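Report on the structure given below.
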Ligand SMILES: C[S@@+](CC[C@H](N)C(=O)[O-])C[C@H]1O[C@@H](n2cnc3c(N)ncnc32)[C@H](O)[C@@H]1O
């Protein structure tokens, strides 16, 4: 994404523990017990808070549609039927950006419920605006770190599908550890799928595509639906961003795995 990045120091539970060298000096403590004065182990986030202004239209969408479509984060299991006011297959999306693909997919799959996580406020406003313009009713948004949502709000076996489209590629080797698709998180994702539920990732960064294929193939709960990369499923649209990349000759790779029974 072209937006200027702002780095944050974060001390919250998420993807993985930071290397020991990054840990603050502290008195020794029992194994597995945080040292005195440390409430959470220091961990690595898959995102940075990006600069970017919420437009007037997005702010109005927050006012008009936020109360109905944005769920509060709470570290307790989500009652999806209550949140969506209906029971339907539940699909989690991690990192919807400006929500272009999200709104399209919710429109073409009205029988499914989409629980969508994004930390970037203008993106949440943009998706709320699309919800209003398109009259969508099957999306709920959590403006929160998806890793914490998975850890605290989603019990095992509760999801019918998961979408992770163009996750931040973290190109530099020293930042690769921030990538979402790594064995510990993939194990958690797989456990939250129902048997037969699917995990669909897409990226335009070939080294990350290869990492996705390798990590998902190594997860015992998951099975590839294709031999290697998958054909692009018809519900996933070509977004403006993707079209621009394709015009520049970049590739796009989809991987679709299902949870074994
Ligand atoms: C490169 S953008 C892709 C956005 C969108 N999926 C698309 O295809 O255009 C990745 C997005 O994931 C979000 N993100 C990264 N890690 C996240 C996390 N742990 N929880 C929620 N959102 C996250 C970022 O804020 C960013 O907007």
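Numbering (my numbering), first residue to last: 5 to 265. Every residue gets a Cβ at the ideal spot worked out from N, C-alpha and C, and that includes glycine. All of these numbers come straight from a predicted model, not from anything done at the bench.
Which class does residue 32 belong to by DSSP, given the choice of helix, strand or coil?
With a pLDDT of only 43 at residue 32, under the threshold of 50, the placement of this residue in the model should not be trusted; the figure read from the coordinates follows. DSSP places residue 32 in the coil class of the three-state scheme, outside both helix and strand.
Would you mind sorting residue 95 into buried or exposed? The rule is 16 or more other CB atoms within 10 Å of its CB.
Per the 10 Å Cβ criterion, buried.
Quick one: Cα of residue 217 to Cα of residue 223, how far?
10 Å
Could you give the first and the last residue of the continuous alpha helix (DSSP H) run that contains residue 1?
This structure cannot speak to residue 1, because the chain is shown only from 5 to 265.
Can you give me the start and stop residues for the beta strand (DSSP E) that residue 165 sits inside?
163-169
Use the C-beta contact count for residue 62: other C-beta atoms within 10 angstroms, 16 or more gives buried, fewer gives exposed.
buried
Would you call residue 35 buried or exposed, if buried means 16 or more other Cβ atoms sit within 10 Å of its Cβ?
Residue placement at residue 35 is flagged as unreliable, the pLDDT there being 45, under the threshold of 50; the coordinate-derived value follows with that caveat. Flag for residue 35 reads exposed.
Grab the span of the beta strand (DSSP E) containing residue 263 for me, first residue to last.
Its beta strand (DSSP E) spans residues 257-263.
Work out the CA separation of residue 125 and residue 206 for me, nearest whole Å.
23 Å
Would you call the CB atoms of residue 120 and residue 88 closer than 9 Å?
Not closer than 9 Å, so no.
Determine the direct distance from the alpha carbon of residue 241 to that of residue 110, and round the result to whole angstroms.
11 Å
Using the beta-carbon count (16 or more within 10 Å), is residue 83 buried or exposed?
Burial call: exposed.
In chain order, what residues of the same chain have a beta carbon less than 6 Å from the beta carbon of residue 236, not counting five sequence neighbours either side?
Once the five neighbours on either side are set aside, the close Cβ partners of residue 236 are 258.
Please state whether DSSP places residue 145 in a helix, a strand or coil.
Residue 145 sits in a strand when the DSSP states are folded into three classes.
Do residue 190 and residue 219 have their C-beta atoms within less than 9 Å of each other?
yes
Using CA atoms only, rank isn't needed, just tell me which of 54, 250, 245 and 260 is closest to residue 221.
260
Is residue 157 near residue 146, with beta carbons less than 9 Å apart?
yes
If the criterion is Cβ atoms closer than 9 Å, does the pair residue 132 and residue 69 meet it?
yes
Quick check on the burial criterion: 16 or more other C-beta atoms within 10 angstroms. Buried or exposed for residue 171?
The residue is buried, with at least 16 neighbouring Cβ atoms inside 10 Å.
Report all residues from its chain with a CB closer than 7 Å to the CB of residue 73; omit the five preceding and five following residues, and keep chain order.
132, 135, 143, 144 and 145
With a threshold of 16 other CB atoms inside 10 Å of the CB of residue 65, please say whether the residue is buried or exposed.
buried
Distance check for residue 253 and residue 78, CA to CA, integer angstroms please.
43 Å
Can you look up residue 95 in the DSSP assignment and give me helix, strand or coil?
strand
Suppose the cutoff is 6 Å on Cβ atoms and the five residues either side in sequence are ignored; what does the same chain contact list for residue 244 look like?
Hits under 6 Å: none found.
What would DSSP say about residue 250, mapped onto helix, strand or coil?
helix
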